[in-house]
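The structure appears below as structure tokens.
There are 2 protein chains.
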Amino acid sequence: MEWKKLFPNFEPELVELIEKNAVQRSFNAGDIIMRTGQYIKSTALVLEGQIKIYRENPDGGEFLMYYLGPGQACAVSMICAIQSTTSEIMAKAEVDSEVLMVPVQLMDDMMNKYKSWYQFVIQTYRSRFDELLSVVDNIAFRNMDERLEFYLKRHAEKTGKKTFEISHQEIADDLHSSREVISRLLKKMEQRNLVKLHRNMIELV
Amino acid sequence: MEWKKLFPNFEPELVELIEKNAVQRSFNAGDIIMRTGQYIKSTALVLEGQIKIYRENPDGGEFLMYYLGPGQACAVSMICAIQSTTSEIMAKAEVDSEVLMVPVQLMDDMMNKYKSWYQFVIQTYRSRFDELLSVVDNIAFRNMDERLEFYLKRHAEKTGKKTFEISHQEIADDLHSSREVISRLLKKMEQRNLVKLHRNMIELV
DNA sequence: AGTTGCCGGTGATATTGATCACAATCCAAT
DNA sequence: ATTGGATTGTGATCAATATCACCGGCAACT
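From first to last, the protein sequence lines are chains A and B.
With our numbering, letter number 18 in the first sequence gets 18, and the count goes up by one each step, no holes.
Convert by adding 1000 to the 1-based position in the second sequence; the result is the number in our numbering.
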């Protein structure tokens, strides 16, 4: 697996350090990669697949914040890692995925020695922060119909596919809404010719 | 002004660099310190007062995300600064405030040379990220009554005061709600003996 | 073929919050 | 003292969403 191509700016020395110490792990679609409250022992670099990052409600329910794709990393685990605390988020594999787990003990050292790593961390922070701001926009200012459209469009962008194999219930869970609401809104979108609905599958047009 | 005491970990050299290049600015209560879309030319270190950080809705309305107090800094301006872009947020002085403006040109250099600065940036990122996560919690999972209680408690924590000079309209704006809703919820809180209401002033009990 | 468990559709109702309309009160400026 | 603006209270209504109840369809397993 030529993972270096996903992180083209890493210096050879850094690449070597990571190769010596990191472990590659495979996850199946639906696997939980990290749980809320879990102690963080490595920073995850995504090599293949898609990871969904959720915020969980203590009294049940979850809320999808953003995706991580190949070449991206979990900002939360970098931040927490450096300060050795536990996870504030939950990460779930959306499809079969490959992830490189870098032990947190290396973080400080990598940060100090490798400019490319420091820049990668900064860039990761910035991207995730921006995405969080856009999440705030959506739930603070938008109604469910707009949020649903955003959700579907984002998914299409992330996967590059126009079909989406998912049940209405799962969408409702991701958006912290209810199945009936999502079904009705999807039906309206179908009437506006934005989607075609099938069993367990939505087709964007 | 002994600003160094607010940032006790900064090395003497770093302190000197900042003193040579930064400009201290005063803002009056209500002043806008940074607007959405504005080009960022300095990173703000808060010396005195309280700054409110908002997300703005293009079609009108704003949403309070968090506060910055003495010893804190604007994460967004650090992130944007390094990548030379424009502001995604709006910052408003809640009370008369003093702010140290550090030119963004120095960021890269400070980051590379001074471990204390690098640690400060990391810590700032982490704190703001956590606060954003808690913002997401509130709007995704909580009703307005709980959000209002959180809002009042947080304000009491930040200022250390049990009285809060503010109109219902301003609270509604901060929470992106409407005045009537806030008035009614406050009245309910008064009946539960959580607050006492006065004109332009709320007293926590 | 029958059972069982998701999946989606639909009507009815409840709740939350937004909006509108209007009154009462307080305060500051003239 | 009077006016005008901001502040607060309150009822009525509306819109968005959640919840409940129920049904029919589809697919997998036996």
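Backbone N, C-alpha and C define an ideal beta-carbon position, used for all residues, glycine too.
DSSP places valine 1135 (chain B) in the uninterrupted alpha helix (DSSP H) bounded by 1115 to 1141. Assignment of beta strand (DSSP E) within the segment 10 to 57 of chain A, counting only whole runs of 3 or more residues, yields 23 to 27, 32 to 34, 42 to 48, 51 to 56 in chain order. Looking at the backbone, the Cα of alanine 93 (chain A) and that of arginine 25 (chain A) are separated by about 12 Å.
Valine 195 (chain A) carries a strand assignment under DSSP once its states are collapsed to helix, strand and coil.
In this structure, DSSP gives lysine 162 (chain A) a state outside helix and strand, which the three-state scheme calls coil. DSSP lists A:Ile32, A:Lys52 as the bridge partner or partners of lysine 92 (chain A). For the segment 112 to 144 of chain A, the set of positions with a beta-carbon nearer than 7 Å to some beta-carbon of chain B reads Ile122, Tyr125, Arg126, Phe129, Asp130, Leu132, Leu133, Val135, Val136, Asp137, Ile139, Ala140, Phe141 in chain order. The three-state secondary structure of glutamate 1146 (chain B), taken from DSSP, is helix. Between the alpha carbons of asparagine 21 (chain A) and arginine 126 (chain A) lies a distance of about 26 Å. When the alpha-carbon of leucine 1197 (chain B) is set against those of B:Lys1162, B:Val1015, B:Gln1119, the nearest one is in B:Lys1162. With respect to the 8 Å criterion, glycine 1049 (chain B) and valine 1095 (chain B) are classified as neighbours on the basis of their beta carbons.
Taking a beta-carbon distance threshold of 8 Å, methionine 1065 (chain B) counts as an interface residue toward chain A.
For a cut-off of 8 Å, the C-beta gap from glutamate 1165 (chain B) to methionine 1189 (chain B) is around 17 Å, too long to register as a contact. Cβ atoms of alanine 73 (chain A) and valine 46 (chain A) come within 8 Å of each other, at about 7 Å. Interface criterion not met: the Cβ of isoleucine 51 (chain A) is under 8 Å from no Cβ in chain B. Not one beta carbon of chain A lies nearer than 8 Å to the beta carbon of asparagine 1009 (chain B). Checking the DSSP bridge columns, you'll see serine 1097 (chain B) partnered with B:Phe1027. The three-state secondary structure of leucine 186 (chain A), taken from DSSP, is helix.
Interface residue (Cβ-Cβ distance to chain A less than 8 Å): histidine 1155 (chain B) is not classified as such. One alpha carbon belongs to aspartate 130 (chain A), the other to threonine 124 (chain A), and they sit about 10 Å apart.
Among the residues facing chain B, glycine 61 (chain A) is included, as its CB has a counterpart in that chain under 8 Å away.
For the set B:Leu1006, B:Phe1150, B:Gln1191, the Cα lying nearest the Cα of isoleucine 1171 (chain B) is the one of B:Phe1150. In the DSSP assignment, glutamate 203 (chain A) falls within the unbroken beta strand (DSSP E) covering 201 to 204. Methionine 90 (chain A) places its beta carbon 8 Å or farther from that of valine 135 (chain A). Listed along chain B, no residue sits closer than 9 Å to glutamate 146 (chain A) by beta-carbon distance, the nearest being about 12 Å off.
The beta-carbon distance between valine 102 (chain A) and serine 42 (chain A), rounded to whole angstroms, is 6 Å. This is short enough to meet the 8 Å contact definition. For threonine 1086 (chain B), DSSP records a beta bridge to B:Tyr1039. By the 16-neighbour rule on beta-carbons within 10 angstroms, tyrosine 114 (chain A) is buried. Listed along chain A is no residue with a C-beta nearer than 9 Å to that of arginine 1199 (chain B); the closest approach is about 29 Å. Taking 7 Å as the upper bound on Cβ-Cβ separation, chain B lies near residues His176 of the segment 161 to 190 of chain A.
Contact annotation, histidine 176 (chain A) with glycine 61 (chain A): C-beta distance approximately 6 Å; criterion of less than 8 Å satisfied. Within chain A, not a single residue places a beta-carbon under 9 Å from that of asparagine 1028 (chain B); the smallest gap is close to 27 Å. For glutamate 62 (chain A), the enclosing beta strand (DSSP E) has its first and last residue at 62 to 68. Under DSSP, alanine 1073 (chain B) takes part in a beta bridge, and its partners are B:Leu1045. Burial check for valine 195 (chain A): the Cβ neighbour count within 10 Å reaches 16 or more, so the residue is buried.
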